[in-house]
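Student: Heads up: the protein sequence lines correspond to chains A and B, in order. The first sequence runs 11 to 465 under my numbering. The second sequence runs 11 to 465 under my numbering. Ideal placement from N, C-alpha and C gives every residue a C-beta, glycine not left out. Every value quoted in this text rests on a predicted model; they were computed, and no experiment measured them.
Protein chains: 2
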Amino acid sequence: MNIKEYIELHKARFLDELFGLIRIPSVSAKTEHKQDMVRAAEYWKQLLIDAGADKAEVMPTAGNPVVYGEKIISENLPTVLVYGHYDVMPAEPFELWNTQPFEPVIKDDIIWARGADDDKGQAFMHAKAFEYMVKTNNLPCNVKFMIEGEEEVGSSSLEAYCSEHKEMLKSDIILVSDTGMIAQDIPSITSGLRGLSYMQVEVTGPKRDLHSGIFGGAVANPANVLAKMIGDLIDQNGHITIEGFYDDVQELSQAERQLMAKAPFNLENYKKALDIEQEQGEAGYSTTERTGIRPTLDVNGMWSGYTGEGTKTVLPSKAYAKISMRLVPNQDPEKIAALFDAHFKKYAPKSVRVTTEYLHGGNAYVSPTDSIAYLAADKAYTQTFGKKPIPVRSGGSIPIISTFERVLGAKTILMGFGLESDAIHSPNENFPLFNFFKGIETIPYFYKYFAEMKK
Amino acid sequence: MNIKEYIELHKARFLDELFGLIRIPSVSAKTEHKQDMVRAAEYWKQLLIDAGADKAEVMPTAGNPVVYGEKIISENLPTVLVYGHYDVMPAEPFELWNTQPFEPVIKDDIIWARGADDDKGQAFMHAKAFEYMVKTNNLPCNVKFMIEGEEEVGSSSLEAYCSEHKEMLKSDIILVSDTGMIAQDIPSITSGLRGLSYMQVEVTGPKRDLHSGIFGGAVANPANVLAKMIGDLIDQNGHITIEGFYDDVQELSQAERQLMAKAPFNLENYKKALDIEQEQGEAGYSTTERTGIRPTLDVNGMWSGYTGEGTKTVLPSKAYAKISMRLVPNQDPEKIAALFDAHFKKYAPKSVRVTTEYLHGGNAYVSPTDSIAYLAADKAYTQTFGKKPIPVRSGGSIPIISTFERVLGAKTILMGFGLESDAIHSPNENFPLFNFFKGIETIPYFYKYFAEMKK
């Protein structure tokens, strides 16, 4: 039986099983979901055992547990380590969802739910591709699974876990589906990821909230001060003003940039899809370059004072912001965090106090496009999509990927099947059934070609 | 029986009655408290009847009801119209309160509760001063009460109410206790109030929240844009940059500023009380001038993106701010609102859409210090505090005061008994028993001297 036939036969069960996973609200950012993390991990353990793993277990870490599973055929065969995560982003703001975020719904041939793509849907494809290969005796190599529960909060326990279980996790390639592709008819392979340095800033003015009439104009307002400091972080050319921020950035050559520019991209469609009149970014770079090869800075959240209905004439005591910077190869997240902190300390007026906190981060990653893994992935996509995939530098980050290379000594191949319209991290996250089933279909070919070329 | 004896005899009951009023959470900013507004109005009606009013009623308006009461002795006597409000500010952030905001507690001879001062405590003093004068036959003139329920949200129904009941509300002076005094041993009379123009700004970027990695750097982030626009509203000299903002400001003469500078003010104590290292404000003006005679701009609230625990790598679709401007005499709140809107529209980048909303406002007010009412108040304070009160320009706003003059044709005298440390509009609002009882004691003398001088 080929993979297409296997999918056709089992698709209803596949969706049932995925929906069971999605219904567990495993939001790693919130401590109230601690028990849901364990439930999601146990669910994955069972998925792997049912799919044909020799063994699978839920392994404790300092944070949320890691699910490990394996099927070892022979020491003489290559080994693929599948990495994914069972945790999801918070679903707020709830009021913008058209459906319940943790109750998956299929509408217009699309699965709608938090985690439908990132990364419950995409990681699940690997469990089913694995199941197919085991049940039909098509598995050409050893397989290991490592599914973690802290990816959306910086994978803080995973480096220690990898160091501790280096031997167990040994592999020839790490295979990950946690990225996207250009379009349903334009397959692509992510050849680069940005790094991340995620900060929180707290500005304190007077020790208590004040009446904005009686004190306004004479006492520094931390909300005004923080707004000004955020505003000054990026200049009119879109450059980040933090001293030393660009010091370690490696510029791409004109030839590399020209190659990048060949990837299909339609700015008008892009703007239309986002309902914006004009794009915005660093001067001298295209939209694709701005997200692919340039570091950036974004406010992810800010809050201060009275945010309820109506009015309150308050001069708030405190103002906060969550600010993250996407980094490019060679930039160090902790060094950037220190520069960020120094900048805020240096430019804060004496009338307020400022503290910053480094919440999490990770290095950028670039994948070589001439490796066996890349070539195997290229052949797999070509087989199932009928056209050659395009290498793309993604703006997103999977900070743990560079850690894998350092700690486990293995490269990663990023076979992402998501679309930009999947709204990951946003309300109404979704994953088209086409992409879901195409992923399950493509993955076994990767194993096939990778094992063949490795011989 | 003199007023001091009367207070001594009835103080426990006074506090009981005040606490009953405070326990009604009449927060006008929140529609969920609609019924509490009616309960607080009914409570005031009963207070006035019990105190000796000939009649009192809860009168409907387009918004929250107004309590009207009166005792008319003779058409030949002057009439005092007491104005106050039964609504209070929201109590958020609740976690910063040491006690329950709507369960008053007396500790260290201070009443702790939302509304203890503003304006349940202060308005209540008038009910009890009135009660004393009626019960002991010391009332020297006619009295009217008008207690509204929308002062903290801009008194939006009161102008229409006043227009409609002009004859009923006719008076020789409007008497208000909704301001402060310099210190317990430094009585003062508020001779000026700032106006207010309270705006809400909404900035929209992409039509949905985006993944900050995949889109960050290429799509305008409305939180960054709003922060920048807020930051640019005030320049490095503390000047507001909105075009035309200062056009109608009347500068004070050097002589007037020198007179103001004579009011006692200790900058070191001020900074210590607020726990700030340095004050901040418009260049060329003292702290007292910055709040007393200069217009200012403060963020009262701002919010965007993810503000919960942990991290979320989101590029938010929307960012909001509540921004209010305090105005000085001759500045028109609606004109200022229009200038604010024009400024935001002009300077917003094309990559976002901006809308502003005028939430409420009012004109500044200056009270003459040579009027009969001022002289009567001066004598009353001198009688009970043993020293002459100082005229002070307050930074706060009671927007309706200028409306009274325009619609009812009556001046207002502001006999405030609050202290800066009362933390009105803040967590742990409080009102010292000393000030509460001193207010009740002083008010009857105002009636006495005012009636005498009016003869």
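Between glutamate 169 of chain B and histidine 435 of chain A, what straight-line distance do the alpha-carbon atoms span, to the nearest angstrom?
Tutor: Position 159 of the second sequence, counted from the first residue, corresponds to residue 169 of chain B. Position 425 of the first sequence, counted from the first residue, corresponds to residue 435 of chain A. Computed Cα separation, rounded: 48 Å.
Student: How far does the beta strand (DSSP E) with alanine 66 of chain A in it reach, from first residue to last?
Tutor: Taking the first sequence and counting its residues from 1, one reaches residue 66 of chain A at position 56. It spans 65-69 - the beta strand (DSSP E) in which alanine 66 of chain A sits, taken as one unbroken run.
Student: Using 8 Å as the Cβ pair cut-off and three pairs as the minimum, do the stretch 348-367 of chain A and the stretch 242-255 of chain A touch?
Tutor: At 8 Å Cβ cutoff, the stretches touch.
Student: Relative to the C-alpha of proline 339 of chain B, which residue among B/Ala139, B/Gly248, B/Ser201 is closest?
Tutor: The residue labelled residue 339 of chain B in the question sits at position 329 within the second sequence. Taking only the C-alpha atoms, the option nearest proline 339 of chain B is B/Ser201.
Student: State the DSSP-derived secondary structure class of isoleucine 434 of chain B, mapped to helix, strand or coil.
Tutor: Looking up residue 434 of chain B in the second sequence gives position 424. Isoleucine 434 of chain B falls in the coil class under three-state DSSP.
Student: At a CB distance below 7 Å, what residues from the stretch 352-363 of chain A approach chain B? Give them in sequence order.
Tutor: For the stretch 352-363 of chain A, which is checked against every Cβ of chain B, the residues closer than 7 Å are Pro359, Lys360, Ser361.
Student: Let me make sure I understand the geometry here. Which of B/Gly131, B/Glu289, B/Glu278, B/Leu418 has the alpha-carbon closest to that of phenylalanine 444 of chain B?
Tutor: Taking the second sequence and counting its residues from 1, the one referred to as residue 444 of chain B is at position 434. Selected option, being the one with the closest Cα: B/Gly131.
Student: In the DSSP assignment, the alpha helix (DSSP H) including alanine 139 of chain A goes from what residue to what residue?
Tutor: Along the first sequence, read from residue 1 onward, the residue named residue 139 of chain A stands at position 129. It spans 130-145 - the alpha helix (DSSP H) in which alanine 139 of chain A sits, taken as one unbroken run.
Student: Kindly indicate which residue of A/Ser165, A/Ile196, A/Met156 has the alpha-carbon position closest to the one of isoleucine 531 of chain A.
Tutor: Outside the shown range of chain A, which is 11 to 465, sits residue 531 of chain A, and nothing can be said about it.
Student: By the DSSP assignment, the alpha helix (DSSP H) with tryptophan 54 of chain A in it spans what residues?
Tutor: The count along the first sequence starts at 1 and reaches residue 54 of chain A at position 44. Where tryptophan 54 of chain A is concerned, the enclosing alpha helix (DSSP H) stretches over 44-61.
Student: Take methionine 135 of chain A and list the residues in its own chain whose beta-carbon comes closer than 8 Å to its own, dropping the five residues that flank it on each side.
Tutor: As a position in the first sequence, residue 135 of chain A is number 125, starting the count at 1. Same-chain partners within the cutoff: Ser187, Phe427, Phe446, Gly449, Ile450, Ile453.
Student: For phenylalanine 395 of chain A, does the three-state DSSP call read helix, strand or coil?
Tutor: The residue labelled residue 395 of chain A in the question sits at position 385 within the first sequence. Residue state, collapsed to three classes: helix.
Student: Check whether the stretch 233-243 of chain A touches the stretch 296-316 of chain A, counting contact only when three or more Cβ pairs, one atom from each stretch, lie closer than 8 Å.
Tutor: Yes, they touch.
Student: Is it the case that the Cβ atoms of threonine 317 of chain A and valine 163 of chain B are separated by a distance below 9 Å?
Tutor: If you number the first sequence from 1, residue 317 of chain A lands on position 307. If you number the second sequence from 1, residue 163 of chain B lands on position 153. In this structure, valine 163 of chain B does not lie closer than 9 Å to threonine 317 of chain A by Cβ.
Student: Look at the Cβ atom of arginine 204 of chain B, then the Cβ atom of serine 36 of chain B, and state whether they are nearer than 9 Å.
Tutor: Within the second sequence, the letter at position 194 stands for residue 204 of chain B. Within the second sequence, the letter at position 26 stands for residue 36 of chain B. Against a cut-off of 9 Å, the Cβ pair of serine 36 of chain B and arginine 204 of chain B comes out as no contact.
Student: Applying a beta-carbon distance threshold of less than 8 Å, which residues of chain A neighbour valine 163 of chain B?
Tutor: Residue mapping note: residue 163 of chain B aligns to position 153 of the second sequence, counting from 1. Within 8 Å Cβ-Cβ: Gly320, Thr321.
Student: Can you tell me which residues form a DSSP beta bridge with methionine 312 of chain B?
Tutor: Taking the second sequence and counting its residues from 1, one reaches residue 312 of chain B at position 302. BP columns for methionine 312 of chain B point to A/Ser314, B/Ala331.
Student: Note down, in chain order, every chain B residue with its Cβ under 9 Å from the Cβ of serine 263 of chain A.
Tutor: Reading the first sequence from its first residue, position 253 is the one you call residue 263 of chain A. Under the 9 Å cutoff, chain B gives no residues; its nearest Cβ is about 20 Å from serine 263 of chain A.
Student: CB valine 235 of chain A to CB leucine 325 of chain A, shorter than 9 Å?
Tutor: Start at 1 with the first residue of the first sequence, and residue 235 of chain A comes out as number 225. Start at 1 with the first residue of the first sequence, and residue 325 of chain A comes out as number 315. No, the pair does not count as a contact, with Cβ atoms beyond the cut-off.
Student: CB tyrosine 93 of chain A to CB leucine 185 of chain A, shorter than 9 Å?
Tutor: Locating residue 93 of chain A in the first sequence gives position 83, counting from the first residue. Locating residue 185 of chain A in the first sequence gives position 175, counting from the first residue. A contact, by the Cβ cut-off of 9 Å.
Student: Answer yes if the stretch 257-272 of chain B comes into contact with the stretch 367-387 of chain B, meaning at least three C-beta pairs across the two stretches below 8 Å, and no otherwise.
Tutor: Verdict: no, contact absent.
Student: Would you identify the three-state DSSP class for methionine 156 of chain B, choosing helix, strand or coil?
Tutor: As a working mapping, residue 156 of chain B is identified with position 146 in the second sequence. Of the three classes helix, strand and coil, the one that applies to methionine 156 of chain B here is strand, per DSSP.
Student: Hey, does glutamine 288 of chain A have any beta-carbon neighbour from chain B nearer than 9 Å?
Tutor: On the first sequence, position 278 is the one that residue 288 of chain A refers to. Chain B contact via Cβ: present.
Student: Taking a Cβ distance cut-off of 9 Å, strictly less, list which residues of the stretch 236-247 of chain A are near chain B, in chain order.
Tutor: Under the 9 Å Cβ criterion, the stretch 236-247 of chain A contributes Leu236, Ala237, Lys238, Met239, Ile240, Gly241, Asp242, Leu243, Ile244.
Student: To the nearest angstrom, how far is it from the Cα of proline 437 of chain A to the Cα of aspartate 219 of chain B?
Tutor: One-based indexing of the first sequence puts residue 437 of chain A at position 427. One-based indexing of the second sequence puts residue 219 of chain B at position 209. Roughly 7 Å between the two C-alpha positions.
Student: Cβ closer than 7 Å: which chain B residues qualify as neighbours of glutamate 174 of chain A?
Tutor: Here residue 174 of chain A refers to the residue found at position 164 when the first sequence is read from its first residue. By Cβ distance, chain B contributes nothing, its closest Cβ being about 24 Å from glutamate 174 of chain A, past 7 Å.
Student: The alpha helix (DSSP H) that contains phenylalanine 456 of chain A, what's its start and end?
Tutor: Taking the first sequence and counting its residues from 1, the one referred to as residue 456 of chain A is at position 446. Taken as a continuous stretch (DSSP letters only), the alpha helix (DSSP H) holding phenylalanine 456 of chain A covers 443-464.
Student: Along the chain, where does the beta strand (DSSP E) that runs through glycine 125 of chain A open and close?
Tutor: Taking the first sequence and counting its residues from 1, the one referred to as residue 125 of chain A is at position 115. Segment: none, glycine 125 of chain A is in no beta strand (DSSP E) and carries neither H nor E.
Student: Could you say which of A/Lys40, A/Met209, A/Gly291 lies nearest to asparagine 6 of chain B if we only look at CA atoms?
Tutor: Because chain B here runs from 11 to 465, residue 6 of chain B falls outside it and cannot be looked at.
Student: Taking three-plus beta-carbon pairs below 8 Å as touching, is the stretch 172-181 of chain B in contact with the stretch 99-118 of chain B?
Tutor: Result no; under three Cβ-Cβ pairs closer than 8 Å.
Student: Which residues of chain A have a Cβ atom closer than 8 Å to the Cβ of arginine 336 of chain B, listed in chain order?
Tutor: Here residue 336 of chain B refers to the residue found at position 326 when the second sequence is read from its first residue. Neighbours of arginine 336 of chain B on chain A, chain order: Ser222, Gly223, Gly226, Gly227.
Student: Evaluate the contact criterion for the stretch 73-88 of chain B versus the stretch 115-131 of chain B: three or more CB pairs, one atom per stretch, below 8 Å.
Tutor: The stretch 73-88 of chain B vs the stretch 115-131 of chain B: no contact.
Student: Round the Cβ separation of glycine 125 of chain B and alanine 51 of chain B to the nearest angstrom and send it over; I've been treating them as touching at under 8 Å.
Tutor: By one-based count along the second sequence, residue 125 of chain B stands at place 115. By one-based count along the second sequence, residue 51 of chain B stands at place 41. Contact doesn't hold; Cβ gap of about 14 Å is too wide.
Student: Comparing C-alpha positions only, which one of B/Glu27, B/Val90, B/Ser222, B/Asn108 sits nearest to arginine 336 of chain A?
Tutor: As a first step, residue 336 of chain A must be located in the first sequence, where it is residue number 326. Measuring from the Cα of arginine 336 of chain A, the nearest candidate turns out to be B/Ser222.
Student: Is arginine 300 of chain B helix, strand or coil by DSSP?
Tutor: By one-based count along the second sequence, residue 300 of chain B stands at place 290. Three-state result, arginine 300 of chain B: helix.
Student: Looking at the C-beta of methionine 270 of chain A, does it have a partner C-beta in chain B at a distance below 9 Å?
Tutor: In the first sequence, residue 270 of chain A corresponds to position 260, counting from 1. Cβ-Cβ to chain B under 9 Å: no for methionine 270 of chain A.
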